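Residue numbers (UniProt numbering): 1 to 299.
Note that beta-carbon positions come from the ideal geometry of N, C-alpha and C, so glycine has one too.
Predicted, not measured: the structure shown is a model, and the values here were computed from it.
Note sheet for the following structure.
If you want it as structure tokens, here you go:
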């Protein structure tokens with residue numbers, strides 16, 4: 001019975017993608033829960049150490065087999081692992097100390113917009129009229145969220161620093177996404193393993209800096225549970241499920257399900273953290289998802 005259910009799940013891309021979105025959305029809740037239990041740089045570093053340890057235990061073979069293709073691209077791997085993994089997670093976890101999980105996950109929905117703008121700037125990838133409209137609507141949604149729906153905040157550029165940190169995280173992850181266009185010709189699992197190692201190594205100086213500034217906080221019991229969650233589920237399991245789903249239905253259709261992250265994130269933040277969900281949150285969520293839907297409509 002369990003084997004049959006596992007086989008069915010392995011061949012059901014929609015279930016895999018919904019689970020992936022839920023795990024990634026849970027990362028925003030975990031970031032908020034981590035406050036006062038582990039510092040941002042310590043969480044970033046330990047997250048990738050846990051991921052590397054898990055991969056070393058049961059998924060090391062793809063990385064070893066791909067090493068001849070990965071070795072000549074060391075520079076690429078260092079840049080991508082640093083920008084895409086640490087570059088996203090550092091401002092993400094730092095921002096969690098200054099804003100809500102609802103805000104973190106809704107702003108995360110702006111990543112596709114930044115990807116389209118970056119692809120236009122770097123590769124000349126054309127943007128259709130619907131895509132331009134969708135991008136505008138999404139960015140308006142982010143502005144509504146960051147300003148808490150107050151025009152006075154927009155005029156005075158008075159934004160929550162945590163929201164600004166999350167916008168920076170999205171910009172860096174968009175750069176990482178665009179960089180995947182020139183990835184080595186290896187399996188997704190092998191690339192994930194290599195980038196996780198890079199992220200673990202390059203996160204060490206961040207911990208040293210945090211310690212030198214007196215802000216380092218090693219995890220307590222709750223912090224350890226958070227580290228295990230983000231290291232094993234959003235960082236590893238969700239990535240593996242996403243890779244499998246892409247194999248089944250292709251990257252274009254699979255990427256649409258990432259839009260569920262802000263939805264699940266908002267729901268989790270309200271249900272688990274009892275965070276308030278105001279009118280401006282609802283408006284921002286509708287604008288972000290509506291903008292992405294417009295941008296993807298033609299596709």
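### Query
Can you tell which of 244, 197 and 211 has the C-alpha that lies nearest to the C-alpha of residue 84?
197
### Query
Quick one, which of 144, 223, 213 and 195 has its alpha-carbon nearest residue 304's?
Residue 304 lies beyond the residue range present for the chain, which begins at 1 and ends at 299; the question has no answer from this structure.
#### Entry: 8 Å contact criterion, which residue 86 and residue 199 should meet: CB distance rounded
5 Å
### Helix, strand or coil at residue 65 according to DSSP, with G and I counted as helix
helix
### Query
Between the C-alpha atoms of residue 269 and residue 129, what's the straight-line distance to the nearest angstrom?
34 Å
### Task
Give me the Cα-Cα distance between residue 236 and residue 185, rounded to the nearest whole angstrom.
20 Å
### Contact set for residue 263: own chain, Cβ-Cβ below 6 Å, skip 5 residues either direction
none
### Query
Run through DSSP, which three-state label would residue 157 get?
With a pLDDT of only 49 at residue 157, under 50, the local geometry of the prediction cannot be trusted, and the value read off the model is given with reservation. Correct three-state label for residue 157: coil.
### Message
Given a cut-off of 7 Å on the beta-carbon distance, is the pair residue 32 and residue 232 in contact?
### Response
no
### Query
Which runs of the alpha helix (DSSP H) fall wholly inside the stretch 73-144 and span at least 4 residues, in chain order?
74-80, 87-95, 101-108 and 111-123
### Query
Enumerated in chain order, which unbroken segments of the alpha helix (DSSP H) with a length of 4 residues or greater are wholly contained in the UniProt domain "EamA" (162-294)?
Taking only runs of at least 4 residues, the alpha helix (DSSP H) segments lying wholly in the UniProt domain "EamA" (162-294) are 188-202, 204-212, 221-232, 238-249, 251-256 and 260-273.
#### Entry: Simplified DSSP assignment, three categories, for residue 49
helix
### Task
Look at the alpha carbon of residue 29 and the alpha carbon of residue 215, and state the distance between them as a whole number of angstroms.
22 Å
### Task
Give me the Cβ distance between residue 16 and residue 245, rounded to the nearest whole Å; I'm assuming they're in contact under 8 Å.
4 Å
### Message
Can you tell me whether residue 34 is helix, strand or coil according to DSSP?
### Response
coil
### Message
Is the separation between the beta-carbon of residue 135 and that of residue 115 shorter than 7 Å?
### Response
no
#### Entry: Beta-carbon proximity check, residue 34 vs residue 226, cutoff 7 Å
yes
### Query
Looking only at its own chain, which residues have a Cβ that is under 8 Å from the Cβ of residue 18, when we skip the five neighbours before and after it?
257 and 260
### Query
Taking one C-beta from the stretch 276-284 and one from the stretch 89-109 each time, how about it: are there three or more such pairs within less than 8 Å?
Touching, per the Cβ criterion.
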